[in-house]
Amino acid sequence: MTNTIILIGFMGAGKTTVGQQLAKETKQQFLDLDDEFVKETGTSIKSFMADNGEKAFRTMETKVLEDRLQNSGVISTGGGIVESDINREIIAKSDATVIFLQADLATVISRLATDTERPLLRQLSMKQLMDRWALREPLYSSLADSTIQTNGKRPEKIVQEVIKLF
Ligand code: S3P
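Residue 204 in my numbering sits at position 100 of the sequence shown, with consecutive numbering throughout.
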C-alpha cells in the first residue's frame with residue numbers, strides 16, 4: 105500500500121483511532137489534521153474557535169490541509185473539512201485514496217456524549233448538529249472513493265476492511 109489515504113467522516117466516526125491503527129498496520133506515517141492544526145497554531149482547537157470563531161478555524165484548516173497533503177501516509181481529517189469547497193477541491197485533486205468512515209447520527213451522539221474538547225458540540229443545539237450531519241453526509245459520500253460503515257464495529261475490524269480495499 106503506497107497511496108496516501110485520507111479518512112473523512114463526522115466527529116466520532118473513528119477517523120483518528122482507525123487512522124493510527126491503519127498506519128501502524130501498514131507501516132506508514134500517520135497525521136491527524138486536528139493535531140497538526142494545534143502544532144501549527146500553538147493553541148487548542150477549543151481556544152482557537154473561542155477566540156477567532158469557526159470561519160477563521162476553517163481558513164486555517166485549509167492551510168494545514170494543503171501543507172500536510174505534501175506528506176504521504178494515512179491522514180485523518182476534522183469532520184468539518186468537507187464543508188469548504190476549497191478543501192473538497194484540494195482533496196479531490198490529490199492522489200490520495202479517500203475513505204469515508206460512516207457512522208449513524210445516533211452512534212456519533214452516543215460516542216461523543218462525554219466529550220468536552222470539541223467546541224462545536226457545545227455550541228450547536230441538537231437540531232443544528234443534526235443539520236450539520238445531514239449537510240455533510242452527501243459531501244463525504246461524493247468525495248470518497250470508498251465508504252465503510254462503522255456502526256457497532258471495533259476499530260480493528262474497520263482497519264481490516266480498509267486494508268481489503270487495496
Ligand atoms: C469539527 C471536527 C473536529 C475538529 C473541529 C471541528 C467539525 O474534528 O476539526 O472541532 O466541524 O466537525 P473531529 O472530526 O476529528 O472530531
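For every residue, glycine included, the Cβ atom is placed at its ideal position computed from N, Cα and C.
Keep in mind the model is a prediction, meaning the values are calculated, not measured.
Which of the three DSSP states, helix, strand or coil, is assigned to residue i?
i, result
"residue 228", "coil"
"residue 123", "helix"
"residue 98", "Outside the displayed span of the chain (105 to 270) sits residue 98, for which this structure offers no information."
"residue 216", "coil"
"residue 134", "strand"
"residue 269", "coil"
Contact defined as beta carbons within less than 8 Å: I believe residue i pairs with residue j. What is the distance between those atoms, to the nearest angstrom?
i, j, result
"residue 173", "residue 185", "About 11 Å; that fails the 8 Å criterion."
"residue 205", "residue 254", "5 Å"
How far does the alpha helix (DSSP H) with residue i in it reach, from first residue to last?
i, result
"residue 151", "149-172"
"residue 201", "Per DSSP, residue 201 belongs to no alpha helix (DSSP H); it is in the beta strand (DSSP E), 201-206."
Between which two residues does the beta strand (DSSP E) holding residue i run?
i, result
"residue 249", "Note, residue 249: premise wrong, no beta strand (DSSP E); not H, not E."
"residue 180", "178-180"
Original post:
Counting Cβ pairs, one atom from each stretch, are 3 or more of them under 8 Å apart for the segment 156-165 and the segment 197-210?
Top reply: no
**OP:** Please confirm if the segment 192-203 is in contact with the segment 214-234, defined as three or more CB-CB distances below 8 Å between the two stretches.
**Re:** no
Original post:
If you pair each beta-carbon of the segment 249-269 with each one of the segment 121-134, do three or more pairs fall below 8 Å?
Top reply: yes
Subject >> Contact the segment 112-121 vs the segment 173-183: 3+ CB pairs below 8 Å >> reply: yes
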